[in-house]
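Enquirer:
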């Protein structure tokens, strides 16, 4: 395994408050030592300890180094395309949850090899844009066989696999939502739980009611899966309160929140994962991240890569949108896309550059992290390390 010294770092974002008392733990003129996939040492570039022979030295040339992005919400195992739906929205058609069903038929018809090839293509996109940890949901099968295929394929590339059989009610169960929930928490959960870490549900008008969502999450918890939830994307509702009550690691979307939802989130350990690509693609109003952070809510950012409502895999793009349209500072947005995503996955080994943590790092082709928002759409990812190995 490669041992590496990265030196001459102009700006180092550690996300370690012990560095300077701030959430981003920023250092100037810094260096990082990596050994056996972990951070061995962090400090000033002129204070690098004597190192054994065999270290590969990388000169950052005054550029910025940040933790690898942690994308805690994606749907990247699917077939088909929904470009026509996007075009219709841009012409004024309103987004609705039912569009998911149009992807289901294509996914059911796709072979494992087709789905695997496409999945790995998306992973390559994400790595090229600095994402080193990815969560992947099922939800485009909506039958026992296909949902099991999706979580199995996802488990080939990540430990962060989410069973989302309760994405929407499929066409063959129209007007029989409770019967479909019986399937989800019965045979489908039996088939998918062995490949999954998380249980999720789309608690929303047009998807699943609060009582149905409770059944799904409680059944998953009983099988040892950890809960998370889609909620309050299309309007206010009781999904946030339910998910907080059940100890969800993350509630995702949160486009429409009541005051009681914000208070519940702020008083809990549940992360609110905001998905700027969705609002960009659907023309819904952007959440007020500034107000949420000021209220004490822990906020993460993720891409929600999917063919219907957010077909972007770029965390830098989501950071830029969050800064421009959601009231976040660049420091807050970068923290939310790294340490925030880690908290949304209940991980303490990623999203931070500190001794003993995984060496998942991104060197920017820029002197500061501010350029991620300052230069939107520009490819600023110079190098990426995953578990200490440079993969780009």
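In the numbering used here, the protein residues as written are 1484 to 1875. Note that the Cβ used here is the ideal one computed from N, Cα and C, for glycine as well.
Indicate the three-state DSSP secondary structure (helix, strand or coil) for residue 1778 in the structure shown.
Expert: Stepping through the chain shown from its first residue, residue 1778 is reached at position 295. When secondary structure is reduced to three states using DSSP, residue 1778 falls in the coil class, being assigned neither helix nor strand.
Enquirer: As a quick exercise: from 1522, 1497 and 1501, pick the residue whose alpha carbon is nearest that of residue 1486.
Expert: Numbered from 1 along the chain shown, position 3 holds the residue referred to as residue 1486. For residue 1486, the nearest C-alpha among the options comes from 1522.
Enquirer: Assuming contact is defined by CB atoms lying nearer than 8 angstroms, are residue 1547 and residue 1494 in contact in what I supplied?
Expert: Counted from its first residue, the chain shown places residue 1547 at position 64. Counted from its first residue, the chain shown places residue 1494 at position 11. The answer is yes: Cβ separation under 8 angstroms.
Enquirer: Report back the beta-carbon spacing between residue 1863 and residue 1848 to the nearest angstrom; my notes put them in contact at under 8 angstroms.
Expert: In the chain shown, the residue the question calls residue 1863 occupies position 380. In the chain shown, the residue the question calls residue 1848 occupies position 365. Yes, they are in contact, since the Cβ atoms of residue 1863 and residue 1848 sit about 5 angstroms apart, within 8 angstroms.
Enquirer: Looking only at C-alpha atoms, which of 1561, 1484, 1529 and 1489 sits nearest to residue 1603?
Expert: Your numbering for residue 1603 matches position 120 in the chain shown. Nearest C-alpha to residue 1603: 1561.
Enquirer: Assuming the contact rule is C-beta atoms closer than 8 angstroms, residue 1583 and residue 1651 should be a hit. Round their C-beta distance to whole Å, please.
Expert: Numbered from its first residue, the chain shown carries residue 1583 at position 100. Numbered from its first residue, the chain shown carries residue 1651 at position 168. Residue 1583 to residue 1651, Cβ: 5 angstroms. Contact.
Enquirer: Check whether the region 1528 to 1543 and the region 1585 to 1596 are in contact - that is, three or more C-beta pairs closer than 8 angstroms.
Expert: no
Enquirer: Would you call the region 1512 to 1526 and the region 1798 to 1814 touching, i.e. three or more CB-CB distances under 8 angstroms?
Expert: With a cut-off of 8 angstroms on Cβ pairs, the region 1512 to 1526 is not in contact with the region 1798 to 1814, counting fewer than three such pairs.
Enquirer: Given a cut-off of 8 angstroms on the beta-carbon distance, is the pair residue 1642 and residue 1786 in contact?
Expert: On the chain shown, residue 1642 is found 159 positions in, with the first residue counted as 1. On the chain shown, residue 1786 is found 303 positions in, with the first residue counted as 1. It is not a contact, given that the beta carbons lie outside the stated cut-off.
Enquirer: Residue 1600: buried (16+ other C-beta within 10 angstroms of its C-beta) or exposed?
Expert: Position 117 of the chain shown, counted from the start, is the residue given in the question as residue 1600. Classification of residue 1600: exposed, given that the 10 Å Cβ count is below 16.
Enquirer: Give me the Cα-Cα distance between residue 1633 and residue 1484, rounded to the nearest whole angstrom.
Expert: Within the chain shown, residue 1633 is the residue found at index 150, counting from 1. Within the chain shown, residue 1484 is the residue found at index 1, counting from 1. If you take the alpha carbons of residue 1633 and residue 1484, they lie about 32 angstroms apart.
Enquirer: Looking only at its own chain, which residues have a Cβ that is under 6 angstroms from the Cβ of residue 1951, when we skip the five neighbours before and after it?
Expert: Summary: the structure shown does not reach residue 1951, with the chain confined to residues 1484 through 1875, and so no result is reported for it.
Enquirer: Could you give the distance in angstroms between the alpha-carbon of residue 1660 and the alpha-carbon of residue 1827?
Expert: Counted from its first residue, the chain shown places residue 1660 at position 177. Counted from its first residue, the chain shown places residue 1827 at position 344. C-alpha separation (whole angstroms): 29 angstroms.
Enquirer: Could you check the C-alpha separation between residue 1502 and residue 1528 for me, to the nearest Å?
Expert: Here residue 1502 refers to the residue found at position 19 when the chain shown is read from its first residue. Here residue 1528 refers to the residue found at position 45 when the chain shown is read from its first residue. Looking at the two C-alpha atoms, the distance is approximately 15 angstroms.
Enquirer: Pair every Cβ in the region 1857 to 1873 with every Cβ in the region 1505 to 1520, then say whether three or more of these pairs are closer than 8 angstroms.
Expert: yes
Enquirer: Per DSSP, which residues does residue 1709 bridge with? Please list them.
Expert: What you label residue 1709 is simply residue 226 of the chain shown in a count that begins at 1. The partner list for residue 1709 (beta bridge, DSSP) reads 1681.
Enquirer: Per DSSP, which one or two residues make a beta bridge with residue 1554?
Expert: Mapped onto the chain shown, residue 1554 falls at position 71. BP columns for residue 1554 point to 1617.
Enquirer: With a threshold of 6 angstroms on Cβ separation, who are the neighbours of residue 1711 within its own chain once the five nearest residues in sequence on each side are excluded?
Expert: Sequence index remark: in the chain shown, residue 1711 carries index 228 (1-based). Contacts found: 1681, 1683, 1731, 1732 and 1733.
Enquirer: Of the choices 1564, 1515 and 1500, whose alpha-carbon is the least far from that of residue 1509?
Expert: Taking the chain shown and counting its residues from 1, the one referred to as residue 1509 is at position 26. The residue with the shortest Cα to Cα distance from residue 1509 is 1500.
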